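Inspection log for the structure reproduced underneath, given as structure tokens.
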DNA sequence: CCATGGTCATCTCTTTTTGAGATTGAAACC
DNA sequence: GGTTTCAATCTCAAAAAGAGATGACCATGG
């Protein structure tokens, strides 16, 4: 006796006929007859009397019909409950590096809110180290940080590989090395707000290779940085993904020039991290899926 | 999702392992793995996390486990209820002809009481016509009467074919016809109590063929009748089945002699009848089964 | 560091179950 | 009295479930 038997039995009871039940079940009369017989044999009880080739339900059949109703509706309830169990809803506390928040998240967040209106998304930006601490302390449900992150209590999943490039105004000479840069005298840097890991990265590089820094300014948007750099005021280190609009197809019209950076600094993997102990967060999973969906295609483009 | 899936799922949850669950389910690990995967696909939800090749139940899995418990116990309850529904119990009001009650029922009733102690069997003897009326009026649940009975409101089932024979003392001359009997002068008849259909039968026969009746005595047991006949006091018409003990293997020691009766009177079918509207009486069905079981073998012997 | 044992996933092949279609038989209905 | 309706049964095809072997992965303990 399983639920499909009960479904069939219930249909026969409702229709009062094997033939009509077969139609409703999108099957063939012979199968319904056979399965009814098997069910009766299984239960050791006649569920219907065959009186002149018609079916008349027996008391035992009536009893079973009641149970069938209860069982089937309970089974439906179980299905629904399980489905709802990982339907994303509630609060999702997300942390992100500034750069990622500015360069990648706007589109993703819009899509996510559209797909999952029942999730309240709270976004907070901070440096990677701080975000990691917050996730460990369960202050955040997940964070997008500069990877890799290896920690026994954390799980992570790569989101996107950013190629960081050095940019200058389009009319600057090519900069192949730190030495080329040093020739120009002390450089003026334009970076994202404090805590940005790219800011750290360029500082480390220039210090390592002895390039003097004249000044460093921080901004809250890439547009501002790119604007200053395009105006020839200085250089910056940014993800290649954010400068598409400033690199015209026609090189003569480009406002920016891209310069290589040392390979050990050129690539930065952004990963999503979360606490191992909270592996079940439908909202977090859904957000990760959104990220993969919207950034996955880019991935191919970048790593090409 | 059917009950067997839930049974399997419950076992996995209880054992915390696919391998051990497979053992308990007397199957193979690969099948449990596969069916678990199918169940998860069906529900569109992960029920377990695979963490280092171990299973850790998810919130959705926990939810389902609760439902599985409820569903499976409800299903068991349904099985039991349906089984009990046609477990014979309560009162069974049975009617019977005197002859059948005396010749056939004692052994059957004993077996029935042993097999179904929860049924209170109430037996009442009466002539066929009266029993039929009582069954029609729902005063009786079933009756053993002389068949056939054709009535739109009644169902019937043959129980036994009785061959009725004429008996006399062993030293009487053979009686081939009513004429042989008439030669002996007025006969003395020994019959069962009033209402016995065999009594009617022999009266009809003797009157029809002009055999004078000297006297007729009625008794309550076959033993008394057979005793009187064996003593040469007269004749009787009885089922052949009751005289076995009086017909010794050695003809010289037999106390009774059996004579043929006209074929139209020789066979009497005893049938069980019940009201069509009360087709579901587990106790009645069980009694009929007892009858068939204990009298069925005799049937072959008699009709041989 | 490697071997080992335990675990789940996956593949293939066999067995069992279920389904489709055609036919039969019995009653009910014009 | 033919026609229709309905359930039972049979056969063959399709699908599902099971068995067994293998692989991958990790933990654990020399």
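Residue numbers (the working numbering), protein chains in the order written: chain A, 490 to 793; chain B, 490 to 793. Beta carbons are placed, not taken as given, at the ideal position from N, Cα and C, and that holds for glycine. Please read all numbers here as calculations on a predicted model, not as lab measurements.
Grouping DSSP H, G and I as helix and E and B as strand, with all else coil, what is residue i?
{"i": "residue 583 (chain B)", "result": "strand"}
{"i": "residue 770 (chain A)", "result": "coil"}
{"i": "residue 508 (chain B)", "result": "helix"}
{"i": "residue 629 (chain A)", "result": "coil"}
{"i": "residue 542 (chain A)", "result": "coil"}
{"i": "residue 686 (chain A)", "result": "helix"}
{"i": "residue 638 (chain A)", "result": "coil"}
{"i": "residue 652 (chain A)", "result": "strand"}
{"i": "residue 706 (chain B)", "result": "strand"}
{"i": "residue 676 (chain B)", "result": "strand"}
{"i": "residue 727 (chain A)", "result": "strand"}
{"i": "residue 732 (chain A)", "result": "coil"}
{"i": "residue 658 (chain B)", "result": "strand"}
{"i": "residue 520 (chain A)", "result": "helix"}
{"i": "residue 606 (chain B)", "result": "coil"}
{"i": "residue 619 (chain B)", "result": "helix"}
{"i": "residue 562 (chain A)", "result": "helix"}
{"i": "residue 547 (chain B)", "result": "coil"}
{"i": "residue 593 (chain A)", "result": "coil"}
{"i": "residue 647 (chain A)", "result": "strand"}
{"i": "residue 497 (chain B)", "result": "helix"}
{"i": "residue 624 (chain A)", "result": "helix"}
{"i": "residue 760 (chain B)", "result": "strand"}
{"i": "residue 534 (chain A)", "result": "coil"}
Thinking C-alpha only, which one of the options is nearest residue i?
{"i": "residue 635 (chain B)", "options": "B:641, B:628, B:653, B:717", "result": "B:653"}
{"i": "residue 578 (chain A)", "options": "A:771, A:752, A:729, A:526", "result": "A:771"}
{"i": "residue 621 (chain B)", "options": "B:528, B:722, B:641, B:716", "result": "B:641"}
{"i": "residue 677 (chain B)", "options": "B:699, B:718, B:667, B:669", "result": "B:718"}
{"i": "residue 756 (chain B)", "options": "B:778, B:687, B:722, B:774", "result": "B:687"}
{"i": "residue 584 (chain A)", "options": "A:671, A:694, A:615", "result": "A:615"}
{"i": "residue 670 (chain A)", "options": "A:644, A:645, A:681, A:697", "result": "A:697"}
{"i": "residue 781 (chain A)", "options": "A:517, A:767, A:656, A:646", "result": "A:646"}
{"i": "residue 536 (chain A)", "options": "B:571, B:607, B:494, B:716", "result": "B:571"}
{"i": "residue 573 (chain A)", "options": "B:528, B:493, B:534", "result": "B:534"}
{"i": "residue 503 (chain B)", "options": "B:551, B:520, B:527", "result": "B:551"}
{"i": "residue 580 (chain B)", "options": "B:784, B:783, B:775", "result": "B:775"}
{"i": "residue 682 (chain A)", "options": "A:542, A:693, A:591", "result": "A:591"}
{"i": "residue 549 (chain A)", "options": "A:623, A:540, A:557", "result": "A:557"}
{"i": "residue 632 (chain A)", "options": "A:605, A:589, A:665", "result": "A:589"}
{"i": "residue 529 (chain A)", "options": "A:667, A:490, A:704", "result": "A:490"}
{"i": "residue 699 (chain A)", "options": "A:668, A:765, A:778", "result": "A:668"}
{"i": "residue 617 (chain B)", "options": "B:603, B:639, B:609, B:600", "result": "B:639"}
{"i": "residue 623 (chain B)", "options": "B:711, B:783, B:763, B:720", "result": "B:763"}
{"i": "residue 554 (chain B)", "options": "B:703, B:701, B:500", "result": "B:500"}
Interface residues of chain A around residue i at Cβ under 7 Å?
{"i": "residue 571 (chain B)", "result": "532, 534, 549, 552, 553"}
{"i": "residue 671 (chain B)", "result": "Simply none; closest approach about 51 Å."}
Express the C-alpha separation of residue j and residue i in angstroms, rounding to a whole number.
{"i": "residue 663 (chain A)", "j": "residue 746 (chain A)", "result": "8 Å"}
{"i": "residue 714 (chain A)", "j": "residue 731 (chain A)", "result": "11 Å"}
{"i": "residue 547 (chain A)", "j": "residue 628 (chain B)", "result": "22 Å"}
{"i": "residue 744 (chain B)", "j": "residue 660 (chain B)", "result": "8 Å"}
{"i": "residue 649 (chain A)", "j": "residue 531 (chain B)", "result": "32 Å"}
{"i": "residue 791 (chain A)", "j": "residue 582 (chain A)", "result": "Low per-residue confidence applies at residue 791 (chain A): pLDDT is 41, beneath 50, and the placement is therefore not dependable, though the value from the model is reported in the following sentence. Roughly 28 Å separates the two Cα atoms."}
{"i": "residue 674 (chain A)", "j": "residue 690 (chain A)", "result": "20 Å"}
{"i": "residue 611 (chain A)", "j": "residue 598 (chain A)", "result": "10 Å"}
{"i": "residue 511 (chain A)", "j": "residue 517 (chain A)", "result": "5 Å"}
{"i": "residue 506 (chain B)", "j": "residue 562 (chain B)", "result": "22 Å"}
{"i": "residue 679 (chain A)", "j": "residue 656 (chain A)", "result": "10 Å"}
{"i": "residue 637 (chain A)", "j": "residue 752 (chain A)", "result": "16 Å"}
{"i": "residue 564 (chain A)", "j": "residue 494 (chain B)", "result": "12 Å"}
{"i": "residue 761 (chain A)", "j": "residue 539 (chain B)", "result": "20 Å"}
{"i": "residue 576 (chain B)", "j": "residue 608 (chain B)", "result": "10 Å"}
Which bits of chain A does residue i rub up against, with CB to CB less than 9 Å?
{"i": "residue 769 (chain B)", "result": "535, 538, 547, 548, 549"}
Which chain A residues sit within Cβ distance under 8 Å of residue i?
{"i": "residue 562 (chain B)", "result": "Residues of chain A passing the Cβ test: none, with the nearest at roughly 11 Å."}
{"i": "residue 645 (chain B)", "result": "Within 8 Å Cβ-Cβ: nothing; residue 645 (chain B) doesn't reach chain A, min ~15 Å."}
{"i": "residue 568 (chain B)", "result": "490, 532"}
Counting only Cβ pairs nearer than 7 Å, list the residues of chain B close to residue i.
{"i": "residue 575 (chain A)", "result": "534, 549"}
{"i": "residue 559 (chain A)", "result": "563"}
Report the neighbours of residue i on chain B: residues whose CB is nearer than 8 Å to its CB, in chain order.
{"i": "residue 492 (chain A)", "result": "490, 491, 492"}
Whose Cβ in chain B lies nearer than 9 Å to the Cβ of residue i?
{"i": "residue 687 (chain A)", "result": "In chain order: nothing, as chain B lies at least about 35 Å away."}
Quick check: does the Cβ of residue i come within less than 6 Å of any heavy atom belonging to the ligand FMN?
{"i": "residue 718 (chain B)", "result": "The model on display carries no ligand, and the ligand FMN is accordingly not part of it."}
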